[in-house]
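The structure under discussion appears below in the form of structure tokens.
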């Protein structure tokens, strides 16, 4: 159907749970056979310091272990993608033009430091998050690394002085301005914790590129738009998610370098968000986060695919997308920027929304036109805006 109507498809290889609980509008847990293995061996799930386990995604500490009925998680992900390639080979490169590989909770390269559903609520108070390094496999890795450098106290309980989810940043031993995050102890732990995440991402980059080599599709992966507490020294919400980004360290350069190395597209949200839309006490900055991430991508000539964080069609939100896109448009040469309008629903086609949206597309697309037809109350109305399939620097994928 997509091919018949001249549309392009971005296929998402989703290896994560969708929704937070049964009864949610969209509830898709991990496959039953995976959950059965998790029930038999709880350490396949990410675990925090108080023993809470997340079943949103299999712990990266098990990547190469035969814990799934004789297969490793990386082998299971590879088998799935290989089957997809073989079954849809006739559409790859023509109708299916992009494959996005899931790398963690919500498909993002991160730890489940807090639930994905909470991260989707831009106006909720951001949590500090919990470090997810307490399953036995993560602790074994930490212990080996700690013993190698003589930091034995770190090897038997993870980060002992970390905080709780809702503490004030300056009241924590680890995250406060002069806290442990900026000591030898903290730097070692954060290097290990973020390094494990990057290693997981690299494993998936390697197998994904090999599977889709010479198929004509672009391959992308997604980074979380975590901007709570961005204007603090330690950036706690980013640290617990696995991004070693602080006042003194750029944590997005290593991610951009990884994706650039394997010629992956970088997908990220927050293009529609502005500073000041949330509770100021959290020192949140979606604009600061996005600026830093986009500049890291530009430094490594990495193509970026932006997204809106929530479904909004007001002028303020759409104008912010245009401003955010301009962060990348100056100085980027070989790489490209695209924008994916996600969570499209019937409200997009309301008479008061559709003209606004087509005007937005036209502004983003340098005034090239396509003819869109929509019937309002029996009257056909023609609107002009950019073709979604034109090969221009700023392109659109609607889904």
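In this note's numbering, the protein residues as written are 2 to 400. Glycine included, C-beta positions come from ideal geometry on N, C-alpha and C. From a predicted model like this one, the values you see are computed outputs, not experimental measurements.
Coil, strand or helix - residue i by DSSP
i: residue 401; result: Given that the chain is displayed from residue 2 to residue 400, the structure contains no residue 401 and the question cannot be resolved.
i: residue 181; result: helix
i: residue 50; result: coil
i: residue 200; result: helix
i: residue 134; result: coil
i: residue 275; result: coil
i: residue 15; result: coil
i: residue 231; result: coil
i: residue 238; result: helix
i: residue 143; result: helix
i: residue 372; result: Because the pLDDT of residue 372 is 37, which lies under 50, any placement of that residue in the model is unreliable, and the question is left without a value.
i: residue 285; result: coil
i: residue 154; result: helix
i: residue 263; result: coil
i: residue 60; result: coil
i: residue 37; result: helix
i: residue 128; result: coil
i: residue 318; result: helix
i: residue 192; result: helix
i: residue 42; result: coil
i: residue 4; result: coil
i: residue 293; result: helix
i: residue 21; result: coil
i: residue 175; result: coil
i: residue 213; result: coil
i: residue 324; result: helix
i: residue 83; result: helix
i: residue 88; result: helix
i: residue 115; result: coil
Of the listed residues the options, nearest to residue i (C-alpha basis)
i: residue 268; options: 208, 221 and 194; result: 221
i: residue 350; options: 314, 202 and 218; result: 314
i: residue 223; options: 88, 84 and 271; result: 271
i: residue 346; options: 358, 339 and 338; result: 358
i: residue 34; options: 7, 50, 71 and 9; result: 71
i: residue 258; options: 58, 218, 81 and 206; result: 206
i: residue 91; options: 181, 215 and 177; result: 215
i: residue 182; options: 4, 84, 250 and 213; result: 250
i: residue 243; options: 232, 202 and 261; result: 202
i: residue 285; options: 322, 170, 212 and 340; result: 170
i: residue 84; options: 298, 320, 14 and 323; result: 14
i: residue 82; options: 100, 66, 94 and 95; result: 100
i: residue 213; options: 288, 80, 256 and 62; result: 80
i: residue 112; options: 3, 150, 226 and 189; result: 226
i: residue 95; options: 327, 9, 309 and 27; result: 9
i: residue 31; options: 278, 16, 245 and 116; result: 16
i: residue 208; options: 36, 86, 69 and 107; result: 86
i: residue 474; options: 133, 139, 266 and 51; result: Nothing about residue 474 can be reported from this structure: the residues present for the chain run from 2 to 400 only.
i: residue 308; options: 287, 301 and 299; result: 287
C-alpha distance - residue i paired with residue j, whole-angstrom precision
i: residue 342; j: residue 311; result: 10 Å
i: residue 64; j: residue 356; result: 48 Å
i: residue 264; j: residue 199; result: 15 Å
i: residue 361; j: residue 102; result: 29 Å
i: residue 366; j: residue 75; result: 39 Å
i: residue 354; j: residue 363; result: 14 Å
i: residue 19; j: residue 11; result: 18 Å
i: residue 1; j: residue 352; result: The displayed coordinates of the chain run from 2 to 400. Any statement about residue 1 would go beyond what the structure contains.
i: residue 237; j: residue 129; result: 5 Å
i: residue 180; j: residue 172; result: 10 Å
i: residue 137; j: residue 218; result: 38 Å
i: residue 7; j: residue 276; result: 38 Å
i: residue 186; j: residue 135; result: 17 Å
i: residue 39; j: residue 47; result: 10 Å
i: residue 404; j: residue 274; result: Nothing about residue 404 can be read from this structure; the chain reaches only from 2 to 400.
i: residue 1; j: residue 146; result: Because the chain in this structure spans residues 2 to 400, residue 1 falls outside the shown range and cannot be described.
i: residue 3; j: residue 58; result: 30 Å
i: residue 322; j: residue 192; result: 33 Å
i: residue 289; j: residue 278; result: 13 Å
i: residue 5; j: residue 189; result: 54 Å
i: residue 98; j: residue 42; result: 38 Å
i: residue 150; j: residue 196; result: 16 Å
i: residue 399; j: residue 254; result: Here the model assigns residue 399 a pLDDT of 36, short of 50, so the residue's position is not dependable and the matter cannot be decided.
i: residue 155; j: residue 132; result: 13 Å
Paired residues, beta bridge with residue i - DSSP
i: residue 307; result: 269 and 340
i: residue 100; result: 12 and 220
i: residue 69; result: 72
i: residue 250; result: 247
i: residue 93; result: 97
i: residue 55; result: 47
i: residue 29; result: 19
i: residue 109; result: 223
- Item | Unbroken stretches of the alpha helix (DSSP H), 4 residues or longer, contained in the segment 346 to 371 | 355 to 365
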